[in-house]
Amino acid sequence: MTKTPLPETASQTAGPYVHIGLAPEIAGLQTPLPALGAEIADVDVPGLRITLEGRIFDGGGTPVTDAMIELWQADTDGRFAGADACTPGFRGWGRSATDFETGLWQFQTIKPGRVGDQAPHIALWIVARGINIGLHTRAYFQDESEANASDPVLLSLTPERAATLITQQTSKATYRFDIHLQGPQETVFFDL
Amino acid sequence: MTGYRPRDWTQQPPALAPAYKSTRLRAPSAPLVQMPQASVPLSSPVFGQRDLEPLDHDLLQNHAQEGAPIGERILLFGRVMDQDGRAVPGTLIEIWQANAGGRYRHRNDTYLAPLDPNFGGCGRTLSDAEGGYAFHTLRPGPYPWPNSDNSWRPAHIHVSIMGSGLPQRLITQLYFEGDPLVALCPIVQAIPDKDAIDRLVARLDLEAATPFDCLAYRFDIVLRGRRATVFENKPEGM
Chain S
273 MTKTPLPETA SQTAGPYVHI GLAPEIAGLQ TPLPALGAEI ADVDVPGLRI
323 TLEGRIFDGG GTPVTDAMIE LWQADTDGRF AGADACTPGF RGWGRSATDF
373 ETGLWQFQTI KPGRVGDQAP HIALWIVARG INIGLHTRAY FQDESEANAS
423 DPVLLSLTPE RAATLITQQT SKATYRFDIH LQGPQETVFF DL
Chain A
831 MTGYRPRDWT QQPPALAPAY KSTRLRAPSA PLVQMPQASV PLSSPVFGQR
881 DLEPLDHDLL QNHAQEGAPI GERILLFGRV MDQDGRAVPG TLIEIWQANA
931 GGRYRHRNDT YLAPLDPNFG GCGRTLSDAE GGYAFHTLRP GPYPWPNSDN
981 SWRPAHIHVS IMGSGLPQRL ITQLYFEGDP LVALCPIVQA IPDKDAIDRL
1031 VARLDLEAAT PFDCLAYRFD IVLRGRRATV FENKPEGM
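Quick note, the sequences are listed as chains S and A, same order.
Every number in our numbering is 272 more than the matching position in the first sequence, counting from 1.
Every number in our numbering is 830 more than the matching position in the second sequence, counting from 1.
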């Protein structure tokens, strides 16, 4: 017996005031609502502590200063939060807003492990004014070239396109991931 | 292993909707790349009551300084389900909105309508075991925005739903029955399917109203459903 599935609710842009709902302290709101998404991994969660940061550029090369970006990732052993045996204190999810002046977004997290046959990576989801439906992308690590070479997602792309998903390692524990929404350097975005 | 049903893109606004000017430089030009099914993560961060404060779902009270905010008091409620009608329980739902005058409590909003000292405009809750959720809030006002010389957003509330996996993650906006601005808004009209637009309109539900307190509007949310695998159609061991 097959039943026609219900249609999925349509997406709408998060708009320029997304911070009120998802990061009220950034909007300038004095509120008792504690921020969600600040703690990706508690201090005692094992793993290499890293910073992942970058900017989002529009098709004109201008940094986007009103976006919200969410991070979803596995722990150092490649397990996702909500799955069995995941490290306690590991939420594997975080939120960052692009800075109103510089456009910089930043996460303090741990470096994820390999997930099955996939190279270590961090899933990112971007919403903003002018983005009608949230954009899915992934950040892979420059210092994981061996794992990257056999990653099924990277292998499904041309080398030029796959290169848009590789972070630059700017210091021992800092990775830079600039996202280009449109144009010749356009980042790969996925349909999940 | 089961994944999610493929997204039906006829129900979604395209990335580029030229009448909504902000999409022109922010819409990717290349088509989205289909991620291999086996690479899509199926779990989600877990939220619990410990993440919430008791008044988080009550926007009439959660920013009140010296009294109640001004505006039409409403109960906003509904059910979160997947495409097979199954409840999505325990999922984080967050909302944000302008006040009754159409002004957001946000450092970048400079509209001349005043802030309401008793209204913050954000709330959150978890869906219950049946996927049900409810907020107390007020009906926001329409407001002008710089898309053309005379663009006005219909009254709307932004809704964010975490879902039970990254493919279900959704942010949308709900509108109100009978608002003439819905048909004029390029953000809404970017959705090509009229029925899909209609499903973003919250319906007055007088039966759910609280007499002498607030009206009620119902808004149901449908997230991506799971894909049935071929194995599910066969008995075990065949």
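Glycine included, every Cβ here is placed at the ideal spot set by N, Cα and C.
These numbers come from a predicted model, not from an experiment.
Cβ-Cβ distance between residue i and residue j below 8 Å
{"i": "glutamine 414/S", "j": "glutamine 378/S", "result": "no"}
{"i": "histidine 887/A", "j": "alanine 964/A", "result": "yes"}
{"i": "arginine 935/A", "j": "leucine 945/A", "result": "yes"}
{"i": "isoleucine 991/A", "j": "valine 910/A", "result": "yes"}
{"i": "glycine 951/A", "j": "glutamine 927/A", "result": "yes"}
{"i": "glutamate 902/A", "j": "leucine 968/A", "result": "yes"}
{"i": "isoleucine 923/A", "j": "serine 957/A", "result": "yes"}
{"i": "glycine 375/S", "j": "valine 399/S", "result": "no"}
{"i": "aspartate 463/S", "j": "arginine 837/A", "result": "yes"}
{"i": "valine 1012/A", "j": "valine 1031/A", "result": "yes"}
{"i": "alanine 445/S", "j": "leucine 320/S", "result": "yes"}
{"i": "isoleucine 322/S", "j": "isoleucine 382/S", "result": "yes"}
{"i": "threonine 348/S", "j": "glycine 385/S", "result": "yes"}
{"i": "leucine 278/S", "j": "glutamine 913/A", "result": "yes"}
{"i": "alanine 421/S", "j": "histidine 408/S", "result": "no"}
{"i": "proline 919/A", "j": "alanine 959/A", "result": "yes"}
{"i": "leucine 882/A", "j": "phenylalanine 1049/A", "result": "no"}
{"i": "tyrosine 1000/A", "j": "serine 417/S", "result": "Rather than tyrosine, the amino acid found at residue 1000/A in this sequence is leucine. For leucine 1000/A and serine 417/S, no; Cβs fall outside 8 Å."}
{"i": "leucine 324/S", "j": "phenylalanine 449/S", "result": "yes"}
{"i": "glutamine 454/S", "j": "leucine 855/A", "result": "yes"}
{"i": "glycine 326/S", "j": "isoleucine 405/S", "result": "no"}
{"i": "isoleucine 900/A", "j": "alanine 943/A", "result": "no"}
{"i": "arginine 351/S", "j": "isoleucine 312/S", "result": "no"}
{"i": "histidine 966/A", "j": "leucine 890/A", "result": "yes"}
{"i": "glycine 361/S", "j": "valine 317/S", "result": "yes"}
Burial state of residue i (16 or more Cβ within 10 Å)
{"i": "threonine 1040/A", "result": "exposed"}
{"i": "phenylalanine 372/S", "result": "exposed"}
{"i": "alanine 857/A", "result": "buried"}
{"i": "alanine 860/A", "result": "exposed"}
{"i": "phenylalanine 1042/A", "result": "exposed"}
{"i": "aspartate 314/S", "result": "exposed"}
{"i": "asparagine 1063/A", "result": "Note that asparagine 1063/A scores 46 on pLDDT, short of 50, meaning its location in the model is unreliable and no value can be drawn from it."}
{"i": "proline 456/S", "result": "exposed"}
{"i": "glycine 878/A", "result": "exposed"}
{"i": "glycine 953/A", "result": "buried"}
{"i": "glutamate 432/S", "result": "exposed"}
{"i": "threonine 430/S", "result": "exposed"}
{"i": "proline 871/A", "result": "buried"}
{"i": "threonine 287/S", "result": "According to the sequence displayed, residue 287/S carries glycine and not threonine. Buried, since its Cβ has 16 or more Cβ neighbours within 10 Å."}
{"i": "threonine 847/A", "result": "Per the sequence presented here, residue 847/A reads as alanine, with threonine not at that position. It is buried - the Cβ of alanine 847/A has at least 16 other Cβ atoms within 10 Å."}
{"i": "serine 443/S", "result": "exposed"}
{"i": "threonine 285/S", "result": "buried"}
{"i": "glutamine 1003/A", "result": "buried"}
{"i": "alanine 1058/A", "result": "exposed"}
{"i": "arginine 498/S", "result": "Outside the modelled stretch of chain S, which goes from 273 to 464, sits residue 498/S, for which no answer is possible."}
{"i": "aspartate 338/S", "result": "buried"}
{"i": "arginine 916/A", "result": "exposed"}
{"i": "leucine 301/S", "result": "buried"}
{"i": "glutamate 280/S", "result": "buried"}
{"i": "glycine 932/A", "result": "buried"}
Pull out every residue of the segment 987 to 1010 of chain A whose Cβ sits closer than 7 Å to any Cβ of chain S, in chain order.
-> His988, Ser990, Leu996, Pro997, Arg999, Leu1000, Ile1001, Thr1002 and Gln1003
Any residues in the segment 859 to 871 of chain A with a beta carbon nearer than 8 Å to a beta carbon of chain S? Which ones, in chain order?
-> Ser859, Ala860, Leu862, Val863, Gln864, Met865, Pro866, Ala868, Ser869, Val870 and Pro871
Hey, is the segment 1026 to 1036 of chain A in contact with the segment 861 to 872 of chain A, meaning 3+ C-beta pairs nearer than 8 Å?
-> no
In the segment 835 to 852 of chain A, which residues sit with their C-beta less than 9 Å from some C-beta in chain S, listed in chain order?
-> Arg835, Pro836, Arg837, Asp838, Trp839, Thr840, Gln841, Gln842, Pro843, Pro844, Ala845, Leu846, Ala847, Tyr850, Lys851 and Ser852
In the segment 942 to 973 of chain A, which residue ranges form an unbroken beta strand (DSSP E) of at least 3 residues, counting only runs that do not cross its ends?
-> 952 to 956 and 962 to 968
Only counting runs of 4 or more residues, tell me where the alpha helix (DSSP H) segments fall wholly within the segment 1014 to 1063 of chain A, in order along the chain.
-> 1016 to 1019 and 1024 to 1028
Any residues in the segment 274 to 288 of chain S with a beta carbon nearer than 8 Å to a beta carbon of chain A? Which ones, in chain order?
-> Lys275, Pro277, Leu278, Pro279, Glu280, Thr281, Ala282, Ser283, Gln284, Thr285, Ala286, Gly287 and Pro288
Using 8 Å as the threshold, is the segment 1013 to 1022 of chain A in touch with the segment 994 to 1001 of chain A, meaning 3 or more CB pairs across them?
-> no
What are the start and end residues of each continuous alpha helix (DSSP H) run of 4 or more residues lying completely inside the segment 387 to 425 of chain S, in chain order?
-> 417 to 421
Report yes or no: do three or more beta-carbon pairs, one from the segment 384 to 403 of chain S and one from the segment 422 to 441 of chain S, lie closer than 8 Å?
-> yes
Are there three or more Cβ pairs, one per stretch, closer than 8 Å when the segment 325 to 332 of chain S is compared with the segment 973 to 981 of chain A?
-> no
Looking at chain S, which residues of the segment 1016 to 1039 of chain A have a Cβ within less than 9 Å of any of its Cβ atoms?
-> Ile1017, Val1018, Ala1020, Ile1021, Asp1023, Asp1025, Ala1026, Ile1027, Arg1029 and Leu1030
Three or more beta-carbon pairs under 8 Å between the segment 363 to 371 of chain S and the segment 291 to 300 of chain S, yes or no?
-> yes
Taking a cut of 9 Å between CB atoms, which residues from the segment 934 to 959 of chain A lie near chain S?
-> Tyr934, Arg935, His936, Arg937, Asn938, Asp939, Gly950, Gly951, Cys952, Gly953 and Arg954
Name the residues in the segment 400 to 421 of chain S whose C-beta lies less than 9 Å from a C-beta of chain A; which are they?
-> Ala400, Arg401, Gly402, Ile403, Asn404, Ile405, Gly406, Leu407, His408 and Arg410
At which residue ranges does the segment 421 to 457 of chain S contain complete beta strand (DSSP E) runs of 3 or more residues, listed in the order of the chain?
-> 440 to 443 and 446 to 448
With 7 Å as the C-beta to C-beta threshold (strictly closer), list the residues of the segment 310 to 323 of chain S near chain A in chain order.
-> none
Residues of the segment 349 to 364 of chain S with a CB closer than 8 Å to any CB of chain A: list them in chain order, please.
-> Phe352, Ala353, Gly354, Ala355, Arg363 and Gly364
Which parts of the segment 281 to 361 of chain S are runs of the alpha helix (DSSP H), unbroken and 4 residues or longer, counting only runs that do not cross its ends?
-> 290 to 294 and 296 to 299
What residues in the segment 914 to 925 of chain A have a beta carbon less than 9 Å from any beta carbon of chain S?
-> Asp914, Gly915, Leu922, Glu924 and Ile925
Which residue spans inside the segment 876 to 929 of chain A form an unbroken beta strand (DSSP E) run of at least 3?
-> 903 to 912 and 922 to 927
Residues within the segment 361 to 392 of chain S neighbouring chain A, beta-carbon criterion of under 7 Å | Arg363, Gly364, Trp365 and Gln390
Check each residue of the segment 431 to 451 of chain S: if its Cβ is closer than 7 Å to any Cβ of chain A, include it; give the result in chain order.
-> none
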